[in-house]
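> Chains as they are written, first to last, in the working numbering: chain A, 3 to 257; chain B, 585 to 973.
Glycine residues also receive a C-beta, built at the ideal position from the N, C-alpha and C atoms.
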Amino acid sequence: MSVLEIKNLHVNVETDQGTREILRGVDLTIREGEIHAIMGPNGSGKSTLAYTIAGHPKYTVVQGEILLDGENVLEMSVDERARAGMFLAMQYPVEIPGVTVTNFLRTAKTAIDGEAPSIRTWLKDVRGAMSNLKMDSAFAERNVNEGFSGGEKKRNEILQLELLKPKFAVLDETDSGLDVDALKVVSEGVNRAHANTGLGILLITHYTRILRYITPDFVHVFVAGRIAEQGGPELADRLEEEGYDRYHVAESATQ
Amino acid sequence: MQSTAMPTPEQHGFRAHSDGPVVPVQTRSERFRSTEVADFAPVTGREHEWKYSPVATFADLISGDLDGSRLEVTSTDAAGVALSWIARDDARIGRAGIPEERASANAWSSFDEALLVEVSGEEAKTVTVTRSDLGTSPRAAHTVIEAAPFSRGLVVLRGIGDARLTENVEIVVGEGANLEVVSLQEWSDESVHLASHFARIGRDARLKHIVVSLGGKVVRVNPSTHLAEQGSDVEALGLYFSDAGQHLEQQVFVHHDAPHTRSRVTYKGALQGEGARSVWIGDVLIGNAATGTDSYEQNRNLVLTDGTRADSVPNLEIETGDIEGAGHASATGRFDDEQLFYLQARGIPEEEARRLVVRGFLNEVVQQIGDAELEERLIRALEAELQGS
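Here you go:
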């Protein structure tokens with residue numbers, strides 16, 4: 003049973019105005035197969051948590067630890083974390099000019115598995131996953147994220163999630179900017195990955211909307227760099243009605 | 585890499601000009617030109633056309649005696665392509681353009697015979713003309729590539745081995761023709777190659793011109809295109825990979841001189857290693873006859889290590905207000921760390937991620953060559969360049 007543990011995590015980021023403390027002691031444990039929703043207002047540090055788990059160099063961990071099955075994640079490079087079974091679906095996926103989706107997926111799969119996938123089953127897997135996500139097959143020959151619409155970028159993230167089969171996925175505002183049709187398609191993809199591989203999920207969102215399609219086991223409310231309240235799915239319903247006002251959020255926005 | 589509007593010179597680290605007061609802008613088409621080397625003043629290295637070049641390393645090509653005998657040339661066979669040598673007083677010489685600087689004029693004054701490459705017939709065809717092992721003493725050459733009206737073809741002009749060469753290449757594209765010329769520089773490490781290409785594009789004709797510079801100590805290929813007749817079109821592409829101590833330069837000029845002409849200029853380069861240099865100057869002149877012009881030029885440089893320098897100078901002159909569009913862009917950037925992060929976050933190790941990004945960056949030009957075999961070979965050559973660090 004895989005487990006991802008975040009213990010007393012404090013994270014700083016360097017800005018033009020100097021060092022800012024963004025995460026102020028985050029504790030969170032996600033077990034295989036669990037879906038945790040992290041909800042919070044803008045600037046509460048949700049994205050910082052996502053990028054810190056993935057190892058983005060912009061964020062400095064000053065205290066605390068992240069453990070994947072007891073292994074120290076903070077000592078791993080970005081690619082080592084991915085190969086250890088971590089995945090980050092990004093809010094703003096980056097364009098890679100001149101690199102086709104096909105080439106990118108094959109390179110990533112080979113890196114994750116440590117060997118090239120067998121061509122026949124791989125092509126079938128890619129086609130199947132694309133078709134499930136209602137992606138046109140011409141997509142495969144386009145350059146990664148280049149000229150993609152917002153919805154296409156998010157589908158492409160979930161396509162990778164389904165094909166790379168990580169143990170834990172952090173979904174950073176995957177729902178933002180999606181119309182309801184795209185939201186359903188993307189949510190189905192997440193649910194499929196969850197059902198097929200026992201994926202543990204950290205679902206970061208500003209809105210409760212996606213929780214109609216992906217049912218969380220736990221909901222955590224993130225305010226000012228730490229978890230202010232946690233509960234079951236019913237907490238999301240309460241947030242939907244009341245918003246974040248009762249947490250007296252007055253922090254200035256940082257992401 | 586983010587594309588940006590044209591950066592200010594200061595962003596490139598330029599300070600005030602060291603070559604004296606600013607000279608009033610001269611229209612690009614009014615530069616002095618002559619086929620006689622003696623008509624040009626001695627080169628000091630401060631002239632606008634030389635100021636980025638290491639002129640001291642090739643003074644012999646600018647003003648010394650040159651061997652103008654036939655080059656060692658081999659060619660593949662293709663139906664509809666004929667090669668021959670023609671005398672220097674042949675009427676087919678001097679139709680596309682004449683020299684605007686001294687090394688070019690020195691070559692023109694010195695060549696004995698010109699290589700004529702004639703393309704005819706409407707079927708697609710490819711011919712590769714290879715100049716190899718031209719030696720280490722200074723030489724001059726002249727080449728005329730002519731595409732008959734409505735003909736179609738791809739001519740690869742390839743250089744390998746040693747060279748110390750200054751040359752002119754004329755490209756005459758007849759009406760309705762569709763010609764592609766790839767100038768491929770894969771010279772040895774100590775080679776120096778200075779080339780001026782002059783293209784004249786006829787009515788409704790199209791030229792795709794691609795400069796690929798990989799090998800050589802100093803390589804300077806300057807293509808000028810005269811969009812002389814209505815509906816003429818040029819796609820000018822360039823690809824360069826500058827290693828330690830290498831100077832790769834291209835001064836691109838497109839002259840829109842007739843209605844409804846179109847140009848696209850895209851040069852992309854990577855620089856890697858101490859003293860790796862690249863220079864790109866892109867001049868576009870939209871003359872007052874060139875109503876309905878559609879033009880865009882851009883240069884992108886990817887800096888892979890410290891110790892490199894990329895100069896990028898886009899210039900646009902417009903003499904008529906009645907155009908479809910004209911734009912230019914230049915960006916010189918380091919590796920985009922967000923691209924690396926994205927690829928690494930998918931498990932791809934840093935080294936491989938870098939290779940993927942560089943390959944992708946340069947492939948945008950490679951993909952447009954349209955000859956699978958040549959594309960494949962260039963991708964391998966670029967891989968070798970990348971490994972070479």
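(1) Give me, in chain order, the residues of the same chain whose beta-carbon lies closer than 7 Å to that of B/Leu855; leave out the 5 immediate sequence neighbours on both sides.
(2) Grab me the residues of B/Arg672's own chain with a C-beta within less than 7 Å of its C-beta, minus the 5 sequence neighbours each way, in chain order.
(3) Quick one: what's got a C-beta closer than 6 Å to B/Glu764's C-beta in the same chain, skipping five residues either side?
(4) Which first and last residues belong to the beta strand (DSSP E) in which B/Val765 is found?
(5) Should the region 67 to 85 of chain A be called in touch with the region 128 to 148 of chain A, which here means at least 3 C-beta pairs below 8 Å?
(6) Give a yes or no on whether 8 Å exceeds the smallest Cβ distance from B/Asn947 to chain A.
(7) Taking A/Ile114 as the reference, give the member of B/Ala910, B/Glu702, B/Ile932 and B/Arg938 with the closest Cα.
(8) Can a CB atom of chain A be found closer than 8 Å to the CB of B/Val974?
(9) Go through its chain and collect everything with a Cβ distance to B/Asn806's Cβ below 6 Å, but skip five positions before and after it.
(10) Between which residues of its own chain and B/Arg654 is the CB-CB distance below 8 Å, once the five residues before and five after are set aside?
(11) Anything in chain A within Cβ reach of B/Ala915, meaning under 7 Å, just list it in chain order.
(12) A/Thr50 by DSSP, collapsed to three states: which one?
(13) In its own chain, which residues sit with a C-beta less than 6 Å from the C-beta of B/Ser973, not counting the 5 before and 5 after it?
(14) Tell me whether the region 768 to 783 of chain B and the region 742 to 755 of chain B touch, counting them as touching only if at least three CB pairs, one residue from each stretch, are closer than 8 Å.
(15) Does B/Gly954 have its Cβ less than 8 Å from a Cβ in chain A?
(16) Among residues of its own chain, excluding the 5 on either side of B/Arg939, which ones have a beta-carbon nearer than 7 Å to its beta-carbon?
(17) How big is the Cα-Cα spacing for B/Ala663 and B/Val711?
(18) With distances taken from CA atoms, which of B/Ala732, B/Glu685 and B/Arg612 is nearest B/Glu751?
(19) Counting only beta-carbon atoms, is A/Pro119 nearer than 8 Å to chain B?
(20) Relative to the C-alpha of B/Val665, which residue among B/Val897, B/Val941, B/Gly800 and B/Val740 is closest?
(21) Could you list which residues in chain B have their beta carbon closer than 9 Å to that of A/Gly84, in chain order?
(22) What number of angstroms, rounded off, separates the C-alpha of A/Glu253 from the C-alpha of A/Lys186?
(23) Name the chain A residues that come within less than 7 Å of B/Leu940, Cβ to Cβ?
(24) With three or more beta-carbon pairs closer than 8 Å as the criterion, would you say the region 835 to 845 of chain B touches the region 866 to 875 of chain B?
(25) Going by other Cβ atoms of all chains shown within 10 Å of its Cβ, with 16 needed for buried, is B/Phe616 buried or exposed?
(26) Please name the residue or residues paired with A/Asn74 in a DSSP beta bridge.
(27) What does a CB cutoff of less than 7 Å around B/Asp890 pick up in its chain, not counting 5 residues either side in sequence?
(28) Please report the Cβ distance between A/Leu6 and A/Leu25, rounded to the nearest whole angstrom; I am assuming they are in contact, meaning their Cβ atoms lie under 8 Å.
(29) Does the beta-carbon distance from A/Leu125 to A/Leu173 come in below 8 Å?
(30) State the Cα-Cα distance for the pair A/Gly72 and A/Val188, rounded to the nearest angstrom.
(31) I'd like to check one pair, B/Glu903 with B/Ile870: are the Cβ atoms closer than 8 Å?
(32) Based on DSSP bridge pairs, tell me the residues matched to A/Gln232.
(33) Give the secondary structure of B/Thr809 by DSSP, where H, G and I count as helix, E and B as strand, and everything else as coil.
(34) Kindly indicate if chain B contains any beta-carbon less than 8 Å away from that of A/Gln93.
(35) Could you tell me which chain B residues have their CB closer than 8 Å to the CB of A/Ala140, listed as they occur along the chain?
(36) Taking the continuous alpha helix (DSSP H) assigned at A/Asp183, which residues delimit it?
Taking the structure as given:
(1) The residue labelled residue 855 of chain B in the question sits at position 271 within the second sequence. Excluding positions up to five away in sequence, the list reads Ser826, Ser862, Asn885, Val887, Leu888, Thr892 and Ala894.
(2) The sequence position of residue 672 of chain B within the second sequence is 88, counting from 1. Answer for B/Arg672: Phe695, Asp696, Glu697 and Ala698, listed in chain order.
(3) Walking along the second sequence from the start, residue 764 of chain B turns up at place 180. Around B/Glu764: Leu738 and Lys792.
(4) Along the second sequence, one-based indexing puts residue 765 of chain B at 181. Run containing B/Val765: Asn762 to Trp771, per the beta strand (DSSP E) assignment.
(5) no
(6) The residue you call residue 947 of chain B lines up with position 363 of the second sequence. True, the Cβ-Cβ gap to chain A drops below 8 Å.
(7) The residue given as residue 114 of chain A occupies position 112 in the first sequence. For the residues B/Ala910, B/Glu702, B/Ile932 and B/Arg938, the minimum Cα distance to A/Ile114 belongs to B/Ile932.
(8) What the structure shows of chain B is the stretch from 585 to 973, and residue 974 of chain B is not part of that stretch, so it cannot be assessed.
(9) Here residue 806 of chain B refers to the residue found at position 222 of the second sequence. Result list for B/Asn806: Ser780 and Gln835, in chain order.
(10) Within the second sequence, numbered from 1, the residue matching residue 654 of chain B stands at position 70. Excluding positions up to five away in sequence, the list reads Trp669, Asp696, Glu697 and Leu699.
(11) Within the second sequence, numbered from 1, the residue matching residue 915 of chain B stands at position 331. Residues of chain A passing the Cβ test: none, with the nearest at roughly 12 Å.
(12) On the first sequence, position 48 is the one that residue 50 of chain A refers to. Note: A/Thr50 maps to helix in three-state DSSP.
(13) Residue 973 of chain B sits at position 389 when you count from the first residue of the second sequence. Reliability of the predicted coordinates at B/Ser973 is poor, the pLDDT of 46 falling under 50, and no value is obtained from them.
(14) yes
(15) In the second sequence, counting from the first residue as 1, residue 954 of chain B sits at position 370. Not an interface residue.
(16) Numbered from 1 along the second sequence, position 355 holds the residue referred to as residue 939 of chain B. Here the set comprises Leu970.
(17) For the purposes of this step, residue 663 of chain B is taken as the residue at position 79 of the second sequence. For the purposes of this step, residue 711 of chain B is taken as the residue at position 127 of the second sequence. Between B/Ala663 and B/Val711, the C-alpha separation is close to 9 Å.
(18) Taking the first residue of the second sequence as position 1, residue 751 of chain B is located at position 167. Minimum Cα distance to B/Glu751 is reached at B/Glu685.
(19) Translated into positions along the first sequence, residue 119 of chain A becomes position 117. A/Pro119 does not count as touching chain B.
(20) As a first step, residue 665 of chain B must be located in the second sequence, where it is residue number 81. The candidate whose alpha carbon is nearest that of B/Val665 is B/Val740.
(21) The count along the first sequence starts at 1 and reaches residue 84 of chain A at position 82. The sequence given here places Ala at residue 84 of chain A; Gly does not occur at that position. In chain order: Gln928, Ala929, Arg930, Gly931 and Ile932.
(22) On the first sequence, position 251 is the one that residue 253 of chain A refers to. On the first sequence, position 184 is the one that residue 186 of chain A refers to. With a pLDDT of 47 at A/Glu253, under the threshold of 50, the modelled position of that residue is not reliable, and the figure given next carries that caveat. Answer to the nearest angstrom: the Cα atoms are 32 Å apart.
(23) Sequence index remark: in the second sequence, residue 940 of chain B carries index 356 (1-based). Within chain A, the residues near B/Leu940 are Val101 and Thr109.
(24) yes
(25) Here residue 616 of chain B refers to the residue found at position 32 of the second sequence. The residue in question, B/Phe616, is exposed, as its Cβ has fewer than 16 Cβ neighbours within 10 Å.
(26) Within the first sequence, the letter at position 72 stands for residue 74 of chain A. Its beta-bridge partners are A/Leu69.
(27) Residue numbering aside, residue 890 of chain B sits at position 306 when the second sequence is read from its first letter. Closer than 7 Å at Cβ, skipping near neighbours: no residue.
(28) Within the first sequence, residue 6 of chain A is the residue found at index 4, counting from 1. Within the first sequence, residue 25 of chain A is the residue found at index 23, counting from 1. A/Leu6 to A/Leu25, Cβ: 16 Å. No contact.
(29) The residue given as residue 125 of chain A occupies position 123 in the first sequence. The residue given as residue 173 of chain A occupies position 171 in the first sequence. No.
(30) In the first sequence, the residue the question calls residue 72 of chain A occupies position 70. In the first sequence, the residue the question calls residue 188 of chain A occupies position 186. Going from the Cα of A/Gly72 to the Cα of A/Val188 covers about 31 Å.
(31) Looking up residue 870 of chain B in the second sequence gives position 286. Looking up residue 903 of chain B in the second sequence gives position 319. Yes, the Cβ-Cβ distance between B/Ile870 and B/Glu903 is below 8 Å.
(32) One-based indexing of the first sequence puts residue 232 of chain A at position 230. A/His222.
(33) Working through the second sequence from its first residue, we reach residue 809 of chain B at position 225. Here B/Thr809 sits in strand by DSSP.
(34) For the purposes of this step, residue 93 of chain A is identified with residue 91 of the first sequence, where counting begins at 1. It does not; no Cβ of chain B falls within 8 Å.
(35) The count along the first sequence starts at 1 and reaches residue 140 of chain A at position 138. Near A/Ala140 there are no residues of chain B at all, since even the closest Cβ is about 16 Å away, more than 8 Å.
(36) Translated into positions along the first sequence, residue 183 of chain A becomes position 181. Run containing A/Asp183: Val182 to Thr199, per the alpha helix (DSSP H) assignment.
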